[in-house]
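Residues in the sequence shown are numbered from 17 upward in steps of one, following the working numbering. Structure first, commentary second.
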Amino acid sequence: MNFENIDTGCIDLESLPWIPFTPYSPEVMLKYVKFNPITGEMIVFLKAPGDMEMPRHHHSGTVIAYTLTGKWKYKEHDWTAGPNTVVYETASSEHTPVALNQGEVIVFNVIVGDLVYLDDNNNVIAIENWKTGMQRYLKFCEDNGIEPQDLTAFNG
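So this is what it looks like as C-alpha cells:
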C-alpha cells in the first residue's frame, strides 16, 4: 500500500511551458498543470486572444473555469465571465466559448473527462482529455528540447 506516501505538492507554474492548442489553433495556448489518469481530471490554463471563438464542445464530466483576465461567454447563455468569476459547467452540457474583445483571456480550468468538439452539423471534430493533453505536452517538450515534468505525480 502506497497511500501513506501520497503527499501534497507545490507546482511552479513558471517551469511549465505555454503550448499551442494544435492542430486546432496556434493562437490558443495551454499550460498543463496536472493530469490524473485515474479520475480523468486535467488541470490546465487556457490563454486566448480577445477575439477568439472556439468550437462548440460537449463534456462528459464537470468543468470548473476561473477567469483571471479578459471577458468571455458562451453563445448559448446570457452571462459574461470576467476576472474573478467562476463558471461551473455540469456534465453533459454543451457550449460555444467566445472571447469578448476585452483583452487577452486567461482561464484556469479543472476538467473531468472528455471534451468533445463538434462542428455545425454535430460531427465530432476532436476529443480532448488527460491523455491527449499528456501527448501534446510530451511532444512539445521533445520538439523544443525541454525536460518534461511528471504531471501525473501526486507529490508536485
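All C-beta atoms, glycine included, are put in the ideal place defined by N, C-alpha and C. Being a predicted model, the structure only gives us computed values, none of them experimental.
Below 8 Å on the Cβ atoms is my contact criterion, and I expect residue i with residue j to pass it. Report the Cβ-Cβ distance as a whole number of Å.
{"i": "residue 86", "j": "residue 122", "result": "7 Å"}
{"i": "residue 89", "j": "residue 97", "result": "6 Å"}
{"i": "residue 35", "j": "residue 153", "result": "6 Å"}
{"i": "residue 66", "j": "residue 117", "result": "5 Å"}
{"i": "residue 140", "j": "residue 105", "result": "Wrong, their Cβ atoms sit about 18 Å apart, outside the cutoff."}
{"i": "residue 107", "j": "residue 64", "result": "The Cβ separation is near 23 Å, so there is no contact."}
{"i": "residue 135", "j": "residue 42", "result": "With a Cβ gap of about 19 Å, residue 135 and residue 42 do not count as contacting."}
Roughly how many angstroms separate the alpha carbons of residue i and residue j, rounded to a whole number?
{"i": "residue 57", "j": "residue 126", "result": "7 Å"}
{"i": "residue 69", "j": "residue 162", "result": "30 Å"}
{"i": "residue 166", "j": "residue 25", "result": "12 Å"}
{"i": "residue 95", "j": "residue 61", "result": "21 Å"}
Look up residue i in the DSSP assignment and say whether it is helix, strand or coil.
{"i": "residue 88", "result": "strand"}
{"i": "residue 40", "result": "coil"}
{"i": "residue 154", "result": "helix"}
{"i": "residue 163", "result": "coil"}
{"i": "residue 131", "result": "strand"}
{"i": "residue 62", "result": "strand"}
{"i": "residue 148", "result": "helix"}
{"i": "residue 105", "result": "strand"}
{"i": "residue 32", "result": "coil"}
{"i": "residue 122", "result": "strand"}
{"i": "residue 54", "result": "coil"}
{"i": "residue 75", "result": "strand"}
{"i": "residue 96", "result": "coil"}
{"i": "residue 27", "result": "coil"}
Do residue j and residue i come within 8 Å of each other at the CB atom, strictly closer than that value?
{"i": "residue 129", "j": "residue 75", "result": "yes"}
{"i": "residue 32", "j": "residue 44", "result": "no"}
{"i": "residue 53", "j": "residue 146", "result": "yes"}
{"i": "residue 150", "j": "residue 37", "result": "no"}
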